[in-house]
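Structure record follows, encoded as structure tokens.
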Ligand code: MG
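Residue numbers (the working numbering): 51 to 306.
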């Protein structure tokens, strides 16, 4: 059963979305060459405290995690694809950094991610990987419409990814968002158009394409959390929390 929320409740979710967007903007600006990943986590933690928000990550301990996450933001660098656990590492010019951040604010969760090249100038291949993820996200969001089916979102993401020559891992993907970070449904990053549950106003989804250059396989690093590409190739990951309304998709985590 996919939860649905009234327009009034969707309005109550806006502060969480705006806050997550603002933190990602601030942390991405701080992610310059020489900055330590632990400093980025500390910045995000300070912003959480100031806002009176609650981290969805710090105590998070699902079956696939080695221990409670213990940090408030995921910092995935280069071959780290997802769930990058912040550690003592200084960013270098040209690193491909993905930031994934989720909090609860005023009782509602928002979840969003971005990818960037540290120092602004990276390889053309890395930029293309990021651009493809962003195009896949735009395509997925465009299909988050009443009257469509869940598989239309998955298919749109998969189509953009595969057309650009990347293979898609469907083990980790999007999900419903509400009072908690992970709710029904799960939204794989590839699928069949016209399949799955009907999309209705009031559903709220985290849509999150991620890609690796030359593999669709991952492994868990020694920290028990960070998922790295099997072949060491770089990865990108972008995400927005999106409400389906009768007028179409509403991106709650839009950055200005
Ligand atoms: Mg996320």
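No residue lacks a Cβ here, since even glycine has one placed at the ideal position from N, Cα and C.
| message | Please return the same chain residues whose Cβ sits closer than 6 Å to the Cβ of residue 303, not counting the five positions on each side in sequence. | response | Close CB contacts of residue 303 within its chain, under the 6 Å cut and outside five residues either way in sequence, are with 67, 70, 71, 160, 162, 290, 291 (chain order).
| said: Once DSSP output is grouped into helix, strand and coil, what is the label at residue 106? | reply: Under the three-state reduction of DSSP, residue 106 is assigned to coil, being neither helix nor strand.
| message | Tell me whether the stretch 260-274 and the stretch 111-122 touch, counting them as touching only if at least three CB pairs, one residue from each stretch, are closer than 8 Å. | response | Yes: at least three Cβ pairs fall under 8 Å.
| query | Where residue 147 and residue 220 are concerned, what is the direct C-alpha to C-alpha distance, given to the nearest angstrom? | reply | Distance between residue 147 and residue 220, taken at the CA atoms: about 21 Å.
| message | I'd like the list of long-range same chain contacts for residue 217, defined as Cβ closer than 6 Å, with 5 residues on each side in sequence excluded. | response | Counting only residues of its own chain and dropping the five nearest sequence neighbours on each side, residue 217 has a CB closer than 6 Å to the CB of 266.
| query | Buried or exposed: which applies to residue 99, given that a residue is buried once 16 or more other Cβ atoms fall within 10 Å of its Cβ? | reply | It counts as exposed.
| Beta-bridge partners of residue 158, as assigned by DSSP | Residue 158 is bridged by DSSP to 155.
| query | Taking the C-alpha atoms as reference points, what is the distance between residue 299 and residue 251? | reply | About 9 Å.
| said: Are there any heavy atoms of the ligand MG lying less than 7 Å away from the beta-carbon of residue 267, as far as the coordinates show? | reply: No, the beta carbon of residue 267 sits no closer than 7 Å to any heavy atom of the ligand MG.
| query | By how many angstroms is the C-alpha of residue 84 removed from the C-alpha of residue 242? | reply | Between residue 242 and residue 84, the C-alpha separation is close to 44 Å.
| Hey, is residue 152 close to the ligand MG, as in C-beta under 7 Å from one of its heavy atoms? | Distances from the CB of residue 152 to the heavy atoms of the ligand MG include at least one below 7 Å.
| request: Apply the 10 Å Cβ neighbour rule to residue 112 and answer buried if 16 or more other Cβ atoms are within range, or exposed otherwise. | output: By the neighbour-count criterion, in which a residue is buried when 16 or more other Cβ atoms sit within 10 angstroms of its Cβ, residue 112 is exposed.
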